[in-house]
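Chemist:
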Amino acid sequence: HWLRRYKSKHRDLRIRLQLHEENAEYITKDKKNILRGLMWKNFVHIKIETNKDIRRDEFRFIRSKTGKDITNEMSLDKDGSIT
């Protein structure tokens, strides 16, 4: 699970998830409980932000501490390849 790998690699418990405006609204309003459960299960705080430059099928993860884009750092595969 990429979220656990991120947390163990960076020892950082706060990240920001930038989404298209419609997707951000959907998650924060309709899927609030799922997001809360994901944060609780992984002991990580995820702040949802809107970004007008992002298409609906895109997302970006940002380190809250540094503001660095970590989307490509944290792949979904264990072997390090980006899917």
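In the working numbering, the protein residues as written are 5 to 87. Just so it is clear, CB atoms sit at the ideal spot from N, CA and C, and this is done for glycine as well. Remember, predicted model here, so these are calculated numbers, not experimental data.
Please state if the CB of I66 and the CB of R20 are separated by a distance shorter than 7 Å.
Modeler: Going by C-beta atoms, R20 is nearer than 7 Å to I66.
Chemist: If we ignore side chains and look at the alpha-carbon of each, how far apart do K13 and D34 end up?
Modeler: Roughly 31 Å separates the two Cα atoms.
Chemist: With distances taken Cα to Cα, identify the nearest neighbour of N27 among K72, S68 and F63.
Modeler: Nearest option by C-alpha distance: F63.
Chemist: What is the rounded straight-line gap between the Cα of V48 and the Cα of K69?
Modeler: Approximately 13 Å, taken between the alpha carbons.
Chemist: So, with DSSP's three-state summary, where would you put L42?
Modeler: Three-state result, L42: helix.
Chemist: Spell out the partners DSSP gives H49 in its beta bridges.
Modeler: R18, per the DSSP bridge assignment.
Chemist: Less than 7 Å between the C-beta atoms of N46 and L7, yes or no?
Modeler: Taking 7 Å as the Cβ cut-off, N46 and L7 qualify as a contacting pair.
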